[in-house]
Amino acid sequence: LKLEEALRRALVRGEFQLFYQPQVDLHTGLTTGVEALIRWNSPERGQVSPALFIPVAEESNLISMIGWWVLEESCRQIAAWREAGLAGIKVAVNVSGRQFLNHALVECISDLMAQYRVLPSQLEIELTESTVMAEPERAIEQLNRLREIGIQVSVDDFGTGYSSLSYLKRLPLSTIKVDRSFVRDVNNQSDNAAIVSAILGLADALDMSIVAEGVETEGEERHLKDAGCIKVQGFRYAKPMPADQLAQWMRREK
Ligand code: G
Ligand code: G
Ligand code: MN
Ligand code: NA
């Protein structure tokens, strides 16, 4: 079976699942939000990495179907956590380029928020730098519409694309996620340290916040904290995990 066909069938069969990875505040040690990350449990292929199937889905309208599923599942989960007494878990959802520029996106998100009684402060969108910069004028329009309904947007994999600084200034983005290639060994690699410092300065000047991705070691954490980067995500704190495990993780903090 072609991967594309298998993915189409996976949607119908309910083989997708969301995992959630905590984002942690280094000052308080508390989880401030989670990133939703899709997993495909295929009976035929086993666990398939999204790094493998998302690019295939992006070549067709499959990415939209998968993307809608991810948004609805995230909202459903926010409601389920709320009902379980775990209010205020903010979920960041990855949205692909094709879905981002879809005219129906903002209305779809509004509808889901109403249906599941999700507040704008409980949902966030992650766009890669290349998605934002592919069509900056359309991106600005769409970002403004998202801002109107109160949804914050962060830019993922920052530093790996070609951000035009003049556009970055005009884009209503709330957060820069520093790509993990710059976080790796930042305490020993002076080039990475310089890049991280430059991104922190840029974020400060543009009044954006920062999340460092892929933090794995104590040394990386110490360097980031000293440099003024307070929000972190990475295996050092937690791997992406299923919703019930995340609930336990959150309860442990109380
Ligand atoms: O979770 P993992 O590191 O295996 O993810 C690999 C890649 O797949 C990452 O680049 C991540 O952004 C992407 N990815 C994971 N979940 C989603 C999703 O729900 N939607 C989209 N568009 N990309 C995702
Ligand atoms: O591209 P994006 O930032 O959405 O990718 C997120 C992916 O990064 C997830 O699939 C997650 O599994 C992975 N990830 C999260 N933390 C770490 C980490 O500390 N080290 C590595 N190598 N990967 C990580
Ligand atoms: Mn992401
Ligand atoms: Na990233």
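Under full-length UniProt numbering, the first residue of the sequence shown carries the number 546, and numbering increases by one thereafter.
Beta carbons: idealized from backbone N, C-alpha and C, even for Gly.
Nearest-angstrom Cα distance between glutamate 763 and valine 756?
As a working note, residue 763 is residue 218 in the sequence shown. As a working note, residue 756 is residue 211 in the sequence shown. One C-alpha to the other measures close to 16 Å.
Compute every distance between the C-beta of proline 785 and the non-hydrogen atoms of ligand 2, then say whether any falls below 7 Å.
For the purposes of this step, residue 785 is taken as the residue at position 240 of the sequence shown. Checking the Cβ of proline 785 against ligand 2 gives yes.
Could you give the residue range of the alpha helix (DSSP H) that holds lysine 722?
Locating residue 722 in the sequence shown gives position 177, where the first residue counts as 1. Where lysine 722 is concerned, there is no enclosing alpha helix (DSSP H), although the beta strand (DSSP E) it sits in stretches over 720 to 723.
Answer yes or no: does any C-beta atom of chain D fall closer than 8 Å to that of leucine 616?
Here chain D cannot be found, since the structure has a single protein chain.
If I follow the unbroken alpha helix (DSSP H) through glutamine 660, where does it start and stop?
Here residue 660 refers to the residue found at position 115 when the sequence shown is read from its first residue. Counting along the chain, the alpha helix (DSSP H) containing glutamine 660 begins and ends at 650 to 660.
Tell me whether residue 802, by its Cβ, gets closer than 7 Å to a heavy atom of ligand 1.
This structure cannot settle anything about residue 802, because the visible part of the chain is limited to 546 through 799.
Does ligand 1 have even one heavy atom less than 7 Å from the beta-carbon of asparagine 639?
Against the sequence shown, residue 639 aligns to sequence position 94. Relative to ligand 1, the nearest heavy atom lies less than 7 Å away from the CB of asparagine 639.
Backbone CA spacing between valine 760 and valine 651 [nearest angstrom]:
If you number the sequence shown from 1, residue 760 lands on position 215. If you number the sequence shown from 1, residue 651 lands on position 106. Cα to Cα, the separation comes out at about 32 Å.
Pair within 8 Å by beta-carbon distance, leucine 668 and serine 619:
Counting from one through the sequence shown, the residue named residue 668 turns up at place 123. Counting from one through the sequence shown, the residue named residue 619 turns up at place 74. In this structure, serine 619 lies closer than 8 Å to leucine 668 by Cβ.
Quick one: what's got a C-beta closer than 7 Å to alanine 772's C-beta in the same chain, skipping five residues either side?
By 1-based counting over the sequence shown, the position of residue 772 is 227. Within the same chain, alanine 772 has close Cβ partners Val741, Ser742, Leu745.
When we look at the beta-carbon of threonine 573 and count the other beta-carbons within 10 Å, is it buried (16 or more) or exposed?
For the purposes of this step, residue 573 is identified with residue 28 of the sequence shown, where counting begins at 1. Its Cβ having fewer than 16 others within 10 Å, threonine 573 is exposed.
Mapping DSSP to helix, strand and coil, what is lysine 776?
In the sequence shown, residue 776 corresponds to position 231, counting from 1. Reduced to three states, the DSSP call for lysine 776 is strand.
Quick one: which unbroken alpha helix (DSSP H) runs of 4-plus residues sit fully inside the segment 637 to 713? Chain order, please.
Taking 4 residues as the shortest admissible run, the segment 637 to 713 contains the following complete alpha helix (DSSP H) segments, listed from N- to C-terminal end: 642 to 645, 650 to 660, 674 to 679, 681 to 693.
For cysteine 603, which of helix, strand or coil comes out of DSSP?
Translated into positions along the sequence shown, residue 603 becomes position 58. The sequence given here places glutamate at residue 603; cysteine does not occur at that position. DSSP places glutamate 603 in coil when its eight states are reduced to three.
N- and C-terminal bounds of the beta strand (DSSP E) containing aspartate 749:
Taking the sequence shown and counting its residues from 1, the one referred to as residue 749 is at position 204. Here aspartate 749 belongs to no beta strand (DSSP E); instead the alpha helix (DSSP H) covers 735 to 750.
Cα-Cα, which of Phe727, Leu716, Arg627, Val569 is closest to alanine 792?
As a first step, residue 792 is located in the sequence shown; it is residue number 247 there, counting from the start. The candidate whose alpha carbon is nearest that of alanine 792 is Arg627.
Quick one: what does DSSP say alanine 757 is sitting in, helix, strand or coil?
In the sequence shown, residue 757 corresponds to position 212, counting from 1. Residue state, collapsed to three classes: strand.
Nearest-angstrom Cα separation, counted from glutamine 592 out to glutamate 604:
The residue labelled residue 604 in the question sits at position 59 within the sequence shown. The residue labelled residue 592 in the question sits at position 47 within the sequence shown. If I take the Cα positions, the gap works out to 21 Å.
Say yes only if the C-beta of isoleucine 583 is nearer than 7 Å to one or more non-hydrogen atoms of ligand 1, and no if none qualify.
If you number the sequence shown from 1, residue 583 lands on position 38. Flag set: Cβ of isoleucine 583 near ligand 1.
Buried versus exposed call for phenylalanine 780 [16 or more other C-beta atoms within 10 Å across all chains shown]:
Numbered from 1 along the sequence shown, position 235 holds the residue referred to as residue 780. Per the 10 Å Cβ criterion, exposed.
Taking 6 Å as the limit between beta carbons, can you name the residues of its chain near leucine 607, skipping five residues before and five after?
Walking along the sequence shown from the start, residue 607 turns up at place 62. Within the same chain, Leu552 come within 6 Å of leucine 607 by CB-CB distance, once the 5 residues on both sides are set aside.
Three-state secondary structure (DSSP) at leucine 548?
As a position in the sequence shown, residue 548 is number 3, starting the count at 1. In the structure shown, leucine 548 sits in a helix (DSSP, three-state: H, G or I).
Isoleucine 583 by DSSP, collapsed to three states: which one?
Counting from one through the sequence shown, the residue named residue 583 turns up at place 38. Assigned with DSSP and collapsed to three states, isoleucine 583 falls in strand.
Excluding the 5 residues preceding and the 5 following isoleucine 775 in the sequence, name in chain order all residues of the same chain whose CB lies nearer than 7 Å to its CB.
Against the sequence shown, residue 775 aligns to sequence position 230. Take isoleucine 775, set aside five residues on each side of it, and the residues of its chain with a beta-carbon closer than 7 Å to its own are Asp570, Leu571, His572, in chain order.
Closer than 8 Å is the cut-off here; do at least three beta carbon pairs connect the segment 674 to 686 with the segment 699 to 716?
Yes, the segment 674 to 686 touches the segment 699 to 716.
Please tell me whether valine 638 and isoleucine 670 are closer than 8 Å, where the distance is taken between their beta carbons.
Taking the first residue of the sequence shown as 1, we reach residue 638 at position 93. Taking the first residue of the sequence shown as 1, we reach residue 670 at position 125. Yes, they are a contact pair.
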